[in-house]
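Participant: This structure is in structure tokens; I'll ask about it shortly.
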């Protein structure tokens, strides 16, 4: 089926070349970082994780979000998702590849990465994260490929594949739960030390993943003549609304615990994110505009999606709402959540984090790589669909 | 204080002479602990073992920092920091907060002992810088977090150690440490090492490092560099040995540890 990626309209090739350009920029930036060290980034002794780990965290969610298609289709036999379940599985593949690339970009000694396998350490959450991420990647490649092949031959998929399909559902939940556990098991980082992190991650994942899939299916409808179907899109929008509302609810709970209890450790990071944190006469508030944008985007998009007249009448508005929701969740988890965990540092000092241009180059390069892979995979899926229709 | 130190060095020197070899201090104190365990003074020892609180086993090296001494002679702390930096080839980035590598450094009371009350601080506390270093926790979160066992607790003496050659530079330990004790080599540190100590390795870029309680000096029967440099302000030894100097200090003085509520059980104690 790989040969499907080799034939396409000029727009297809222009899009790939466009992504390839950013991939090249990313590769050059990474080479610079590799030769000099992570000092090329804006990270510091106090903020020791930055954009790479925050993108990783967010993208694990996008990958897990694919399960919102797999679960209704395979468990509840929700036939409407038949055409687009493959989109969820292939999105998971691209997202996990991005996750792994971000992890590699973040390592101080990338050539030693295999030490995680050579010296397995079951008390480290990163050990389990490695297992579930690679497991989920493998499951999605296997299930996506086998089922698509069967579809192409217009036969029923082999029975054994369903074992792996069902297995991929708890795996999807596990990747984001374990990723949350990277954070919420650390003593002394009060913002992360909260039992609601894993549920919150899952809620935002089940909104962000489907939002991206709806957005992409709207694009595919225009550029690739691939219609996901109105009913499928509507169902995905319902899932997104509930998940995004749950995410907001969980954020609200964090605010309640922090501000009603008045315990400083529970307030500091929220104060820093949303209002600015004062320390020795200086107010640190770099992320405040981002966080309010995130809140406005999330609430605004939920309102747009929940109003049938707005959503059903206009595909442009539907796409805009999905883009807003995805961006809002990205700021919430892909920026604020990780950066604010380091504010204040264990000695109650504040160092703000501002990514460098080189770091942004690597980050954009990895995102471009992910979308490059996604484009190829979706090209295959859509071509197979078209082949069947002919 | 001088007397204690002399005694310490004498025992350490003697054991080195006896040819016990590398981990002299360890074996020495282990011998004492063993003897104490084997020969309880009377029946109470056995009874306590059965019904009383759990008797700690093995060696646990720890440090008591007497802030009264440091308040009186603040230059001692600077001396200790300089000694640490020189012994361990710690690069000097000239106060650049992003890159700085710190094993032993100083900070205010509010920064070091963040969960202590500071509504009203005594003048001594307000005007004195406190030493900060790795706490060599009994229950270290950094060791729990490390995915490669590049940081680990030495069973023989409780020191939380690092293997710079195994560290992949994921910095999970830095996020896990509640004391901010860990530094990362954001770039090659070697050009920034002012004076080389050939007896201790330099580090490469991309790995984490921190205070090692001077394991390399203990192996030679020497005290940690900071303990030696600050002339009695710091007492160092095995707190599981009831007869050690440090146990006597801990029995006598009221001490505090950093962030005790986190359950890490630090091995660095402060007398304020």
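Residue numbers (UniProt numbering), protein chains in the order written: chain A, 1 to 390; chain B, 1 to 272.
Don't be surprised by glycine CBs; every beta carbon is placed ideally from N, CA and C.
Within 8 Å of any Cβ in chain A, is that where the Cβ of residue 270(B) sits?
Facilitator: What you label residue 270(B) is simply residue 270 of the second chain in a count that begins at 1. It does not: the Cβ of residue 270(B) has no partner Cβ on chain A nearer than 8 Å.
Participant: Residue 188(B) versus chain A: which residues are under 7 Å apart at the beta carbon?
Facilitator: By one-based count along the second chain, residue 188(B) stands at place 188. Near residue 188(B) (Cβ distances below 7 Å), the residues of chain A are 37.
Participant: Counting C-beta neighbours from all protein chains within 10 Å, is the total for residue 28(B) 16 or more, i.e. buried, or is it exposed?
Facilitator: Counted from its first residue, the second chain places residue 28(B) at position 28. In this predicted model, residue 28(B) has a pLDDT of only 38, less than 50, meaning its place in the structure is not dependable; the value taken from the coordinates is given anyway. Result: buried.
Participant: Please confirm if residue 194(B) has its CB atom under 8 Å from at least one CB of chain A.
Facilitator: For the purposes of this step, residue 194(B) is identified with residue 194 of the second chain, where counting begins at 1. Not an interface residue.
Participant: Would you verify that the beta carbon of residue 148(B) is, or is not, closer than 8 Å to some beta carbon of chain A?
Facilitator: Stepping through the second chain from its first residue, residue 148(B) is reached at position 148. Closer than 8 Å to some Cβ of chain A, the Cβ of residue 148(B) qualifies, so yes.
Participant: Assuming residue 343(A) contacts residue 268(A) under a Cβ cut-off of 8 Å, what Cβ separation, rounded to an integer in Å, is found between them?
Facilitator: Locating residue 343(A) in the first chain gives position 343, where the first residue counts as 1. Locating residue 268(A) in the first chain gives position 268, where the first residue counts as 1. Between residue 268(A) and residue 343(A) the Cβ distance is about 7 Å, and since that is below 8 Å, they are a contact.
Participant: For residue 238(B), which residues does DSSP report across the bridge?
Facilitator: On the second chain, position 238 is the one that residue 238(B) refers to. The beta-bridge partner set that DSSP reports for residue 238(B) consists of 61(B).
Participant: Decide if residue 232(A) is buried, meaning its Cβ has at least 16 other Cβ atoms within 10 Å, or exposed.
Facilitator: Here residue 232(A) is taken as the residue at index 232 of the first chain, counted from 1. With 16 or more Cβ atoms within 10 Å of its Cβ, residue 232(A) is classed as buried.
Participant: One question on the structure: do residue 26(A) and residue 334(A) come within less than 8 Å of each other, judged by their Cβ atoms?
Facilitator: Within the first chain, the letter at position 26 stands for residue 26(A). Within the first chain, the letter at position 334 stands for residue 334(A). Cβ distance not < 8 Å, so residue 26(A) and residue 334(A) don't count as in contact.
Participant: Between residue 262(B) and chain A, is any beta-carbon pair separated by less than 8 Å?
Facilitator: Along the second chain, one-based indexing puts residue 262(B) at 262. So, interface residue.
Participant: Please classify residue 256(B): does DSSP put it in a helix, a strand, or coil?
Facilitator: Counted from its first residue, the second chain places residue 256(B) at position 256. Residue state, collapsed to three classes: strand.
Participant: Tell me the rounded alpha-carbon separation between residue 11(A) and residue 223(A).
Facilitator: Taking the first chain and counting its residues from 1, the one referred to as residue 11(A) is at position 11. Taking the first chain and counting its residues from 1, the one referred to as residue 223(A) is at position 223. Their backbone Cα atoms lie some 9 Å apart in a straight line.
Participant: Take the Cβ of residue 176(A) as the centre, count every other Cβ of all protein chains shown within 10 Å, and call the residue buried at 16 or more, exposed below.
Facilitator: Looking up residue 176(A) in the first chain gives position 176. When all chains shown are included, residue 176(A) counts as buried.
Participant: Whose C-beta lies closer than 7 Å to the C-beta of residue 276(A) among residues of the same chain, with five residues either side of it excluded?
Facilitator: Stepping through the first chain from its first residue, residue 276(A) is reached at position 276. Same-chain partners within the cutoff: 283, 284, 285, 288.
Participant: Just checking, does the segment 157–175 of chain B make contact with the segment 207–216 of chain B on the three C-beta pairs under 8 Å criterion?
Facilitator: By the Cβ test, the segment 157–175 of chain B is in contact with the segment 207–216 of chain B, since at least three Cβ pairs between them sit closer than 8 Å.
Participant: When the Cβ atoms of the segment 55–66 of chain B are set against those of the segment 197–206 of chain B, are three or more pairs found closer than 8 Å?
Facilitator: no
Participant: Would you mind reading off the limits of the alpha helix (DSSP H) that contains residue 127(A)?
Facilitator: Taking the first chain and counting its residues from 1, one reaches residue 127(A) at position 127. First-last of the alpha helix (DSSP H) with residue 127(A): 125–153.
Participant: Just checking: is the beta-carbon of residue 249(B) within a distance shorter than 8 Å of some beta-carbon in chain A?
Facilitator: Taking the second chain and counting its residues from 1, one reaches residue 249(B) at position 249. Judged by the 8 Å Cβ criterion, residue 249(B) is not in contact with chain A.
Participant: Nearest to residue 88(A) by CA position, among 102(A), 120(A), 100(A), 73(A), is which residue?
Facilitator: Locating residue 88(A) in the first chain gives position 88, counting from the first residue. Taking residue 88(A) as reference, the option from 102(A), 120(A), 100(A), 73(A) with the minimal CA-CA separation is 73(A).
Participant: Just to confirm my understanding: we take residue 215(A), look at its own chain, exclude 5 residues before and 5 after, and list those with CB closer than 8 Å. What are they?
Facilitator: Taking the first residue of the first chain as position 1, residue 215(A) is located at position 215. Hits under 8 Å: 319, 322, 323, 326.
Participant: Given that a residue counts as buried once 16 or more other Cβ atoms are within 10 Å of its Cβ, and exposed if not, what is residue 143(B)?
Facilitator: Mapped onto the second chain, residue 143(B) falls at position 143. It counts as buried.
Participant: Measure the CB-CB distance between residue 388(A) and residue 305(A) and report whether it falls below 8 Å.
Facilitator: Working through the first chain from its first residue, we reach residue 388(A) at position 388. Working through the first chain from its first residue, we reach residue 305(A) at position 305. Not a contact, by the Cβ cut-off of 8 Å.
Participant: Which residue marks the beginning of the beta strand (DSSP E) containing residue 162(B), and which one marks its end?
Facilitator: Locating residue 162(B) in the second chain gives position 162, counting from the first residue. From DSSP, the beta strand (DSSP E) with residue 162(B) extends over 160–162.
Participant: Taking three-plus beta-carbon pairs below 8 Å as touching, is the segment 58–77 of chain B in contact with the segment 131–145 of chain B?
Facilitator: yes
Participant: Quick one: does residue 116(A) have its CB under 8 Å from some CB of chain C?
Facilitator: Absent from the structure is chain C; the protein chains it does hold are A and B.
Participant: Which residues of chain B have a Cβ atom closer than 9 Å to the Cβ of residue 119(A), listed in chain order?
Facilitator: The residue given as residue 119(A) occupies position 119 in the first chain. What residue 119(A) touches in chain B: 147, 148, 149, 150, 166.
Participant: Can you find a C-beta in chain A that's less than 8 Å from the C-beta of residue 155(B)?
Facilitator: Here residue 155(B) refers to the residue found at position 155 of the second chain. With 8 Å as the cut-off, residue 155(B) does not count as an interface residue toward chain A.
Participant: Spatial neighbours of residue 275(B) within its chain, please: CB distance less than 8 Å, with the 5 preceding and 5 following residues excluded, ordered by chain position.
Facilitator: With chain B covering only 1 through 272, there is no way to say anything about residue 275(B).
Participant: Identify every run of the alpha helix (DSSP H) within the segment 226–265 of chain A, keeping only runs that are complete inside it and at least 4 residues long; order them along the chain.
Facilitator: 230–261
Participant: According to a CB-to-CB cut-off of less than 8 Å, which residues of the segment 111–125 of chain B neighbour chain A?
Facilitator: From the segment 111–125 of chain B, only 111, 112, 114 have a Cβ closer than 8 Å to chain A.
Participant: Under 8 Å between C-beta atoms, does residue 79(B) make it to chain A?
Facilitator: For the purposes of this step, residue 79(B) is taken as the residue at position 79 of the second chain. Chain A, which has no Cβ nearer than 8 Å to the Cβ of residue 79(B), makes this no.
Participant: Can a CB atom of chain B be found closer than 8 Å to the CB of residue 123(A)?
Facilitator: Taking the first chain and counting its residues from 1, the one referred to as residue 123(A) is at position 123. Cβ-Cβ to chain B under 8 Å: yes for residue 123(A).
Participant: Considering residue 58(A), what are the terminal residues of the beta strand (DSSP E) in which it resides?
Facilitator: Locating residue 58(A) in the first chain gives position 58, where the first residue counts as 1. Not the beta strand (DSSP E): residue 58(A) falls in the alpha helix (DSSP H), residues 51–65.
Participant: Confirm, please, whether the CB-CB distance from residue 213(A) to residue 91(A) is below 8 Å.
Facilitator: Here residue 91(A) corresponds to residue number 91 of the first chain, with the count starting at 1. Here residue 213(A) corresponds to residue number 213 of the first chain, with the count starting at 1. Residue 213(A) is positioned such that its CB atom lies closer than 8 Å to that of residue 91(A).
Participant: Specify, as a first and last residue, the run of the beta strand (DSSP E) that residue 153(B) falls within.
Facilitator: The residue labelled residue 153(B) in the question sits at position 153 within the second chain. Looking at the DSSP string, the run of the beta strand (DSSP E) that includes residue 153(B) is 151–153.
Participant: Output the boundary residues of the beta strand (DSSP E) element that contains residue 130(B).
Facilitator: In the second chain, counting from the first residue as 1, residue 130(B) sits at position 130. 130–132 is the extent of the beta strand (DSSP E) around residue 130(B).
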